[in-house]
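A.B. asks: Positions 445 to 1429 (our numbering) are the ones given, in order, by the sequence shown.
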Amino acid sequence: MADQFKLQNKGPNMNIKKFLNCFIAKGLLLFIALQGIAFTSAHAEASFPNGEQGIFGPKQYLRTTGSPNIYEDTFSATPGPGYLIIRNCEADSKHRVTSALIFINGEQIYEPKDFKQDVYILGLPVVLDKINTIRVELRSKPGTYLTIGIGQMLPTVHLTADPSTIILGASATLSWNSGMANTCIIDPGIGEVDVNGFMTVSPTVTTTYTITATAPAGSATASATVTVISPPTVSMSTPLDTIVKGESTLLSWTSAHADTCVIEPGVGAVDVNGTTVISPAESTTYTITATGPGGVATSTVNITVLHPPTVTLSATPATIFEGETATLNWTSVNGNTAILNQGIGQVQVNGSAQVTPDKTRQYTITVTGNGGITTATTTVIVKHHEPIVSITANPETILSGNSTVLTWASSNTHSCVITPGIGSVDPAGTATISPSETTTYTITGSNPDNSASASVTVQVNHEVDIQPINIDMTGTAVDGQTLNLTGTVKVDITNNGLSAVHEPYEVTLFEDSNFNNTYDSGEDQVIGNTTLSSGPGVDETVTVSIDVDATVTFKGSLLFAFVDSGKQVFETNEENNIINSMATCEYVPPVGSFKPALEWEWKKSSISPSSDQVVVTPAVANLTDDNNDGIIDQMDIPAIIFVTHTGDNCDTNGRLRAIHGDGSGEIFTVTGYDIYGTCSPAVGDIDNDGLMDILVMEESGKRMLAFDNQGKLKWASPALNVTSGGSSVTISDLDTDGNPEIIYGRIVLNNDGSKKWTGTGGTGVYNSIAADINLDGFPEVIAGNTVYSHTGQILWQNSAVGNGYTAVANFDEDPFPELVVVSSGYVYLLEHTGQIIWGPIDFPPSGRNRDHGGPPTIADFDSDGQPEIGIAGGYRYVVMEGNGKVRWSAAIQDTSSNVTGSSVFDFEGDGSAEVVYADEMYLFIFRGTTGAQLFKTRIGSRTRTEYPIIVDVDNDNNAEIVVPSNSYHGGYKTGIQVFGDANDT
């Protein structure tokens, strides 16, 4: 029949048995009527066999001309079974499709032969996804068409609540399951949930929950109600929660959702709402318990019952002397606050207090509590001691017009009076006074029974300023062998004050052993003293004679005169009481007036004239008695002592020479011994004969020679194990026995030339120095990276620092000095114990030989109160701060040795040192603060270990620069040049 419905079973997706089994296995029943698909007429729409609802279509697909028509549509579904219905054109079959392909989600459902059976309506179950695609391919004659629709069953849903009744605050579990649903929503207040599941809810009121399951085919709902039962509530209060014992108060309460109420203690069952009167004997907490279907609730009220306070008060001891202390003790019960009279004020309700009444007093304590007020009293009887007073003045002696401070104290007094002129005062205090004359001040202290007095006298002096102005030593003589000073020293003393000196005072002569320009008892040697009974008068000068008979440190030693050494005279100026024997010889040049100029020069001698090259640092000392006073001292013209050599071999054929410092001539030339030309001479009185001795190395560099002040040999040492040449000689009394030792590298000789000891560590390379760096009272020998004790033991050796030049100064705030070492082109600062503080620091390039770098010069270059370090290298002269940072550098040229040194001196008198340095070409003077070049003149030298020195070589009270020179490396001068100030300042 033309309008029959035909169910097709096509392909793996259309296996009806498998299709049904799939959904039965999932607990879903699909009822499909394979027959009886109804339609009302030839043009009626076909209906779904099991009540499915359309989710797609019906949609018409038309065959046009040309190639096959291909249509694709996308639609949503609930994943699971669906039903496909196709109406082929109209029931009269005039426009039916005879060839078509139908695909669902890429799988073929119908093929062309299915449309050749003259069937009007086709239908069959299909399996759908959430998103689906239908593909239609039409190949029939134009004008034919298909109408296609797809349907699914409506969703189902179920909802339960367990338990269905809860107490407020409890929870119930909602459980649900659904079929054919895409989404589920639970109202109220929950929202979207899984299509199957459960959850916990805690409604505060009875609530009906509704779940709505939704799918493309439609929706379904289910409901469950949770009934909420409220727990009981109760509230109890009182209008008066604090009462005095014996009084009553009221309890009031209200409740809700309660069947019964009970009040404890002592009340029992009551109505669920009501009041009751109570009269507790003690403080009580009342609790009401309300019981109902929803549980139990409680409420409490605290009733405080007050008791009246009590207090006791006593004093121990009850009788005291004035100024003594009694202790008040009190105890109370039921009190909140306590107050003691007599100015004491509020105190703890139980406690004690110490009192010191000035007279008999009655003490009352008042205690207040919630139950009322109560008091107690006690009396402290006071007796009086004898009064005690004291008074002092600081200072007790003043100059007229100056002031002093009176200080007084008293005990056991009620009043104090100071006379004259001050009046009533506090029991203790101070007052500044300026009496014009000597005055006695008396304080009188009184109490009701007695009085006492004390006095102090303020001595008023007029201005006195005594000052020594000259020391005359012409009446003394020094034994050159014993250094015994005998004779009479005269000291001139003047009075710069406004009043004559009327009291006696001492005048002391001493040697300043520690060189601090002050007298230190126990350290400085007293040469003589005397006492003046009085004088001088105002603007008057007196001369005091002091007989002396003492051994001095050296011939020409400075003597100091200390006026009023016993501090017996009150002076306006205590800073001008000391003078030294050379004070009148001191000359202070004008600031900024130094203009260097060549004063004279020694070029060569008639003795060994070819020996004129100098590569050592000269020494300056007094060798001759130029003023014919029988004494060789600082009053004579100094001599310049140096070593010359011939040609370019500075190590052989050396000559020891001495010339007068004023350029007036030669003193001597030693020709009987060849001297090592690189070793700078050392000069000192090594045998305590009062005359200078000269120490040099013999040509081989293995023996030391000692010459007297006339150039005669005193002794020659035995052969020495010298490890390096060119070292300087150092003289120091290492064992402090009064006899100096001689140091050369790490070798120490006695003053007779015999060997004392040889060290086993550092050699010192070019110089070794002596200094007491550990403050044990004995100088140590510092040889490069090694420090030896005065007996030759190694105190420490720092192998991280090579042998090199050393210098000593205190760079920090501790009392111990630090060591500067220049080694291998690097600079180090070491603790006195050998630890490296900083370094190695590579100063600007020292030249081609990195094993050098000259001896460090330590001075306050910039007047900042801190030491700096000056070092010469190959191309730069560098000044470093104490922390190793470069302050400034100046260009120089010393490519031959790189080991020259420098000197510093304040030529301009401005407090800042100038640097004097000579390289291969020039003599320089640099400003110490900035390195600015102040002076430059052509000299020339091959540069070994020499450097210029600064000294008053002609005894004209002006400093000169003594410069050694030679004609190598561009030098055009030989010998010694002496530069002075062109203005002779």
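Even for Gly, the Cβ is constructed at its ideal location relative to N, Cα and C.
Quantities reported herein were computed from a predicted structural model and do not represent experimental measurements.
1) When you compare each of Asn576, Ala1005, Leu603, Glu1364 to Ile971 by their alpha carbons, which one comes out closest?
2) What is the DSSP secondary structure of Pro556, counted as helix, strand or coil?
3) To the nearest whole angstrom, what separates the beta carbons of Leu1367 and Val1407, a pair I think is in contact under 8 Å?
4) Our contact map puts Gly813 next to Asn780 with C-beta atoms below 8 Å; I'd like the distance itself, whole angstroms only.
5) Would you mind working out which of Gly613, Ser1243, Ala1244, Thr1174 sits nearest Ala1215, comparing C-alpha positions?
6) To the nearest angstrom, how far is the alpha carbon of His539 from that of Asp558?
7) Taking only three categories from DSSP, how would you classify Leu612?
8) Mind checking who Arg531 pairs with in its DSSP beta bridge?
9) Between which two residues does the beta strand (DSSP E) harbouring Asp1425 extend?
10) So what's Ala725 in DSSP terms, helix, strand or just coil?
11) With Thr665 as the anchor, note down where its beta strand (DSSP E) starts and where it stops.
12) Which residue marks the beginning of the beta strand (DSSP E) containing Lys1011, and which one marks its end?
13) Using the Cα positions of Ile610 and Thr658, report the straight-line distance between them to the nearest angstrom.
14) Since Ile1023 and Ile910 are thought to touch, with beta carbons under 8 Å apart, how far apart are those beta carbons, to the nearest angstrom?
15) Give every residue of the same chain whose Cβ lies closer than 6 Å to the Cβ of Asn883, excluding the five residues on either side of it in the sequence, and list them in chain order.
16) Can you check which of these residues, Glu1352, Val1192, Thr577, is closest to Gly593 by C-alpha distance?
17) Specify the secondary structure class of Ala921 as computed by DSSP and reduced to three states.
18) Have a look at Ser855 and Tyr885 and give me their C-alpha separation to the nearest angstrom.
19) Between which two residues does the beta strand (DSSP E) holding Arg1331 run?
20) Alpha carbons only, please: which of Glu636, Asn1153, Asp1056, Tyr1232 is nearest the one belonging to Ile1187?
21) Consult DSSP for Ala1357 and reduce its assignment to one of helix, strand or coil.
22) Just verifying my parser: in three-state terms, what is the DSSP assignment at Ala1005?
23) Between which residues of its own chain and Cys466 is the CB-CB distance below 7 Å, once the five residues before and five after are set aside?
24) Taking only the alpha-carbon atoms, compute the straight-line gap between Pro948 and Ser1198 and give it to the nearest angstrom.
25) CA-CA distance, His829 and Gly1010?
26) Runs of 3 residues minimum, wholly inside the segment 1073-1102: which ones carry the beta strand (DSSP E) assignment?
27) Assuming Thr1230 contacts Gly1203 under a Cβ cut-off of 8 Å, what Cβ separation, rounded to an integer in Å, is found between them?
28) For Ser965 and Val996, I'd like the C-alpha separation in whole angstroms.
29) Is Ala625 helix, strand or coil by DSSP?
30) Starting from the C-beta of Ala488, find all residues in its chain whose C-beta is less than 6 Å away, skip the five residues before and the five after it, and write them out in chain order.
31) Buried or exposed for Ile842, going by 16 or more other Cβ atoms inside 10 Å?
32) Roughly how many whole angstroms lie between the Cα atoms of Thr588 and Gly501?
33) How is Ala1244 classed by DSSP in three states: helix, strand or coil?
34) Return the residue from the list Leu1178, Gln1241, Pro1261 that minimises the CA-CA distance to Thr1235.
35) Starting from the C-beta of Ala1357, find all residues in its chain whose C-beta is less than 6 Å away, skip the five residues before and the five after it, and write them out in chain order.
36) Determine the burial state of Gly1134: buried for a count of at least 16 other Cβ atoms within 10 Å of its Cβ, exposed for fewer.
C.D. replies: Working from what's here:
1) Ranking Asn576, Ala1005, Leu603, Glu1364 by Cα distance to Ile971 puts Ala1005 first.
2) Under the three-state reduction of DSSP output, Pro556 falls in the helix class.
3) Contact flag correct, Cβ pair sits at about 6 Å.
4) Yes, they are in contact, since the Cβ atoms of Gly813 and Asn780 sit about 5 Å apart, within 8 Å.
5) Nearest C-alpha to Ala1215: Thr1174.
6) Using only the alpha carbons, I get a separation of about 16 Å.
7) Here Leu612 sits in coil by DSSP.
8) According to DSSP, Arg531 bridges with Ile565, Thr591.
9) From DSSP, the beta strand (DSSP E) with Asp1425 extends over 1419-1425.
10) It is coil, neither helix nor strand.
11) Judged by DSSP secondary structure, Thr665 falls within the beta strand (DSSP E) whose first and last residues are 662-673.
12) From DSSP, Lys1011 is part of no beta strand (DSSP E); its letter is neither H nor E.
13) In a straight line, the C-alpha of Ile610 is about 30 Å away from that of Thr658.
14) So it is not a contact: roughly 12 Å between Cβ atoms.
15) Residue identity check: residue 883 is Thr in the sequence provided, not Asn. So the list reads Val902, once near-sequence residues are dropped.
16) Nearest option by C-alpha distance: Thr577.
17) Three-state result, Ala921: strand.
18) The alpha-carbon atoms of Ser855 and Tyr885 are separated by roughly 19 Å.
19) Start and end: 1330-1335.
20) Of Glu636, Asn1153, Asp1056, Tyr1232, the residue nearest in Cα terms is Tyr1232.
21) In the displayed model, Ala1357 falls within coil according to three-state DSSP, outside both helix and strand.
22) DSSP places Ala1005 in strand when its eight states are reduced to three.
23) Its pLDDT being 36, under 50, Cys466 is placed unreliably by the model, and the measurement read from it follows with that caveat. Exclusion of the five residues before and after Cys466 leaves no residue of its chain whose Cβ lies closer than 7 Å to its Cβ.
24) Across the structure, Pro948 and Ser1198 are spaced so that their CA atoms are roughly 55 Å apart.
25) Per the coordinates, the alpha-carbon of His829 lies some 44 Å from the alpha-carbon of Gly1010.
26) Correct list: 1083-1090.
27) Sure, about 7 Å apart at Cβ, within 8 Å.
28) Roughly 17 Å separates the two Cα atoms.
29) In this structure, Ala625 counts as coil in the three-state DSSP scheme.
30) Low per-residue confidence applies at Ala488: pLDDT is 39, beneath 50, and the placement is therefore not dependable enough to give any value.
31) Ile842 should be labelled buried.
32) Taking the straight line joining both Cα atoms gives about 18 Å.
33) Three-state result, Ala1244: coil.
34) The shortest CA-to-CA distance from Thr1235 to any of Leu1178, Gln1241, Pro1261 is the one to Leu1178.
35) Annotation for Ala1357: Ala1303, Phe1305, Val1348, Asp1350, Gly1372 place their beta carbon closer than 6 Å to its own, counting only its chain and skipping 5 residues before and after.
36) With 16 or more other Cβ atoms within 10 Å, it is buried.
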